[in-house]
Each structure stands twice: as C-alpha cells, then as structure tokens.
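Asker: Protein sequences, first through last, are from chains A and B. Quick note, the first sequence lines up with residues 115 to 355 if you use the numbering used here. Quick note, the second sequence lines up with residues 115 to 355 if you use the numbering used here. Below is one structure. I have some questions about it.
Number of protein chains: 2
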Amino acid sequence: MTRKTSASIQQQYIRDVSVDCVMFGFHDYHLKVLLLQWPGESGWSLPRGPVLRNEPITDAAIRMLHTTTGLDDVFVQQFQTFSRPAESVQQETAAPSSRDSNPHRAPSLITVGFYALVDFDRVKPKVEGNFQWCEITEMPDLLFDHHEVVESALLALRKDLRYLPIAKLLPGKFTLRDMQKLYETILNRTFDRRNFHKLLMSYDFLSKLPEKKTGSQNKSPHLYTIDFEKYESALQDGISY
Amino acid sequence: MTRKTSASIQQQYIRDVSVDCVMFGFHDYHLKVLLLQWPGESGWSLPRGPVLRNEPITDAAIRMLHTTTGLDDVFVQQFQTFSRPAESVQQETAAPSSRDSNPHRAPSLITVGFYALVDFDRVKPKVEGNFQWCEITEMPDLLFDHHEVVESALLALRKDLRYLPIAKLLPGKFTLRDMQKLYETILNRTFDRRNFHKLLMSYDFLSKLPEKKTGSQNKSPHLYTIDFEKYESALQDGISY
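Now the structure itself:
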C-alpha cells in the first residue's frame, strides 16, 4: 500500500476513536474471551477496530467482528466508553510496532466498549496473527487498558443479565444443565437444580427435542432448542433466575 | 481571539468527540432538564462540551458542568455513547452559526452521554445565552440528536435507580413525601404512602430534624436530612422501592 492510499484510508476513520470488543464464548462450562496477538506485537489484546466517519458506532463494532471472526449476525451491546489521556498513549506509541498502519493496533484516546455473545463453536478467527480463547479467570497481561475493559464488560453482563439473550452463548441444541451452568458461570454462584429447571420451564421459549445428549452423566440429558422470537419477548420483561 | 490562538486551542481537543450532559433537577414535584440556547442559535440543546486530549472523559463532563453552571461537586454518570455519521453532521454545519469557534455548539461525530443529578436550587447557569429548566414531558425541539439523548438518559436513570444517589436531586432538608414524589416522578407510578415511608425508614441514612415543613398540607411535615456516608453504603446493595 502506498503512503498516499494509506493516508486516504486514514482520513475515512474518526481519528483517536476506536471500538474494543469483549467477545464472550462458553466452552466446557467456562466463560471465555477471545484474545488476539497481532504480528510483531508481544502482547495480547481484545479485537479493536477503527470507526469510519460515515457509520454508526455499533456498525463499526459489527464490521470489526465480521472481519475478525467471519461472523455476521452477532449480538453486540455497547456497555462503556473508556478514555486514555494523550500522555499515556504517547508512551505506548514510542514502540515502533504500534505506529504501524494497521488500525487494529493503533492506540486511541477514546474507545467505545462493546461485548458480544457468540456461539464458541462458530467462531473461526480470520485475522493474521495468533488468537486464543482465554478463560476469564486466567487472563494473560493485555495491551492498552484491556484488563479494565474485560472487567467492566463482565460487570455489565452480570448487571443486565436478565435482559440479555445469553442463550446465544450456547450451541443450537443444549441441555437444561448447560443453561444452568451458563448462568452459574457468569454469576459465579450455584443454583438448586430442580428449582432452576422448573423456573426455566415456566417460560415458553424452550422446546424439548426428541434427542438426548450422550456420553455424559446427566440427570436431564434431554436436548432443547430456543424459540428466539418468544425468547426476545420474555427478555423485554426480564428473565428471573 | 486570533485565528492562531483559536487553532492552538482546537488542537488541545479531541476532534469529532464531545460530551453531552442531561442535567436532571427536581422542582415543584416535576423532573426537569437544563437546556441552553447559544447566542445566535435558534434551537435549544443540552450542555455540550469538548474533550481535552489530556483529560479522562468524566473530567471533561465535570469541567463542562462547572463552566456552565458553577457547580463543582456534581454527581455524573456516563450512560451511553452516541454516534452521528458524518453526512448528517455535514448538513448541520451548512448553517453558518454552527461553524462558530464555540466548541459547545460544534456538532461532533461521537458524543459520550452523561447525566447529572443536581439540587435544582443550587444551579445558577453562568453561560452567555439563554437557559431554561424544562419539564421532561414538555421538551421543545432540540438541536442535534438531543431528544434521543434525553430519552436514553431517562431510561438509564430508571434502570439503575436503586443504585443511584437520587437524593442529590433533593434540597438539603426534605420531607418523606418529597422523597416519595421524587421516586414517583422518575418512575411515573405511585406508591402507597405508609408502606413507602416505612421502607425508607428501614434504612439508616435518614435523620429526622427538629424542624417541620410549613405552609403545605402534609401528613408527614417532618424534615429529614441525609447521611451521605450511610447512603453510599446502602446504595452498594441497592435501595428497594
């Protein structure tokens, strides 16, 4: 890419502003976050992207997640905007690699934080560089202020839990135990199995399938699927747990 | 101000980014929002301010509220970031008055929304131009996307109500009825008087004063004041209503 082309692309972006995304996935009963390591960078970070001058900011987050993971129907939720005064950013840009034209790794003064709820198995990162799903309790050192961003995203997720379609973190077919474990993992507490299943079944958004989950010791091996129209409707009033 | 000085001040700001503030006040049992009309502008807007490259964004909101109203210990809460694609901003800037060097009226692509909870009687706007407190149910046409910003602020206020120090909307001395009316006004519903007062008194943050409110028909004319240390502590767990 010539200098001129690079400069003209830069002009399409809002300078000093980025979107950061905490992509939550649920695997083996652990809550995980997708981390990226850009070529030439030593540290890990959340997916970060620039914002075009001509797009709503939520579109910037969705576009960035699409180019990063290939997913194109992701639930994203803005949760907090973070600022980092120029002085701290200047220190960071002293490292030559940060001055690269790759907007994903440019530090920014203002970053709008989104979280995404994705089906772990459907994410196939397409970006150059390394990526890993990392358990939320075992994060490595992160670039920028991304530790704070992850912490804040988790707090926001817990706070809004009853209004969020967290079933998007589950595969298409799941057991009631899977759903209970999802709640328990996010909230870091346990629920009584019978009461919790009874509560779930009091809503109309779960459909029991003829299939059962095999290969695991499970008192309720029946598989369920979700009717997302009814689910959305129940989420309007909030789902108790 | 010379062109050069003006340009050098502009460089201290983050271009295309602003903070907007929905300043809530409570007066005569109505929830009100402070609106400004800048000299030469035909429409009303929320207080808007620029963000310095060297300050955390919350400081930008507090600084802007200080220069606008003279208050310097205001409770502010970030609630949502709004974006307005460049095309719509370009239409707006076609009006000559919007190109003025006053950063308060410059349109911006990204605006971080804060709300503030203030004691109505303590606000003495210091800015050049008109200002008015406007009932939230009777807003005039607003500049920019400020109708959406006010709507979103009210939704955020309702959603987080139990964790917010809304007593900051009351004067230093108030009756239980004042506090009940405050909740009722924000939530647009009514509460049973006796149950509500009993609930309030179950917390330890209210201190009964020897004085009574005079001149109004009031079954509970006793004046109360708040112990903000105990109040903050109760807010950690959320205050029921």
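We put the CB at the ideal spot given by N, CA and C, even for glycine.
(1) Looking at the strands, I want to know which residues DSSP matches up with Ile-340/A.
(2) Taking the continuous beta strand (DSSP E) assigned at Ser-266/A, which residues delimit it?
(3) Could you tell me whether the region 222 to 232 of chain B touches the region 190 to 200 of chain B, where touching means 3 or more Cβ pairs closer than 8 Å?
(4) Buried or exposed: where does Gly-352/A fall if 16 or more other Cβ atoms within 10 Å of its Cβ makes it buried?
(5) Count the other CB atoms within 10 Å of the CB of Met-315/A; is the residue buried (16 or more) or exposed (fewer)?
(6) Is the Cβ of Pro-170/A closer than 7 Å to any Cβ of chain B?
(7) So if I threshold CB-CB distances at 7 Å, which residues from the region 127 to 138 of chain B count as touching chain A?
(8) Rounding to the nearest angstrom, what Cα-Cα distance links Asp-235/A and Arg-276/B in this structure?
(9) Let me know if Gly-227/A comes out buried or exposed under the rule of 16 or more other beta-carbons within 10 Å of its beta-carbon.
(10) Return the CA-CA distance between Glu-325/A and His-336/A, expressed in angstroms with no decimal places.
(11) Contact criterion: CB-CB distance below 7 Å. Does Ala-348/A meet it with respect to chain B?
(12) Quick one: which chain A residues come within Cβ less than 9 Å of Gln-192/B?
(13) Please list the partners that Ala-200/B has in chain A, where partner means a Cβ-to-Cβ separation under 7 Å.
(14) Indicate whether the contact test is met: 3 or more Cβ pairs, each with one atom in the region 290 to 310 of chain A and one in the region 132 to 148 of chain A, closer than 8 Å.
(15) Listed from N- to C-terminal order along the chain, which residues in the region 270 to 283 of chain A have their beta-carbon within a distance smaller than 7 Å of any beta-carbon of chain B?
(16) Smallest Cα separation from Asp-173/A: which of Gln-191/A, Ser-334/A and Leu-284/A?
(17) In whole angstroms, what separates the C-alpha of Glu-169/A from that of Leu-313/B?
(18) Taking the alpha-carbon positions, what's the Phe-342/B to Lys-273/B distance?
(19) Mind listing the chain B neighbours of Ile-224/A? Cutoff is C-beta to C-beta under 9 Å, in chain order.
(20) Tell me whether Phe-138/A sits in a helix, a strand or coil according to DSSP, three-state version.
(21) Please say whether Asp-130/A and Leu-160/A have beta carbons closer to each other than 7 Å?
(22) Taking Leu-148/B and Gly-154/B to be in contact with their CB atoms under 8 Å, please state how far apart those CB atoms are, rounded to whole angstroms.
(23) Using 10 angstroms around the beta-carbon of Arg-307/A, count the other beta-carbons present and answer buried if the total reaches 16, otherwise exposed.
(24) Using 7 Å as the limit for Cβ to Cβ distance, is Ala-230/A near chain B?
(25) Using the three-state DSSP reduction, which class does Ile-224/A fall into: helix, strand or coil?
(26) Can you tell me whether Thr-183/B is buried or exposed, with buried defined as 16 or more other CB within 10 angstroms of its CB?
(27) Taking the beta strand (DSSP E) that Gln-194/A falls in, what are its first and last residues?
(28) Closer than 6 Å: is that where the CB of Gly-329/A sits relative to any heavy atom of the ligand GDP?
(29) Verify whether the separation of the beta carbon atoms of Pro-254/A and Phe-245/A is less than 7 Å.
(30) For Ala-267/A and Tyr-229/A, what's the separation of their Cα atoms in angstroms?
(31) Start and end of the alpha helix (DSSP H) containing Arg-291/B?
(32) Among all the DSSP beta bridges, which residues are the ones paired with Asn-309/A?
Answerer: On the basis of the supplied data:
(1) Leu-320/A
(2) Unbroken run through Ser-266/A is the alpha helix (DSSP H), 260 to 273; no beta strand (DSSP E).
(3) yes
(4) exposed
(5) exposed
(6) yes
(7) Ile-128, Arg-129, Asp-130 and Val-131
(8) 38 Å
(9) buried
(10) 6 Å
(11) no
(12) Gln-194 and Thr-195
(13) Arg-167 and Asn-168
(14) yes
(15) none
(16) Gln-191/A
(17) 48 Å
(18) 22 Å
(19) Ile-128, Val-131, Val-165, Ile-171, Thr-195, Ile-224 and Val-226
(20) strand
(21) no
(22) With a Cβ gap of about 20 Å, Leu-148/B and Gly-154/B do not count as contacting.
(23) exposed
(24) no
(25) strand
(26) buried
(27) 189 to 197
(28) For the ligand GDP, the structure offers nothing, since it holds no ligand at all.
(29) no
(30) 6 Å
(31) 290 to 301
(32) Bridge partners of Asn-309/A: none, in fact.
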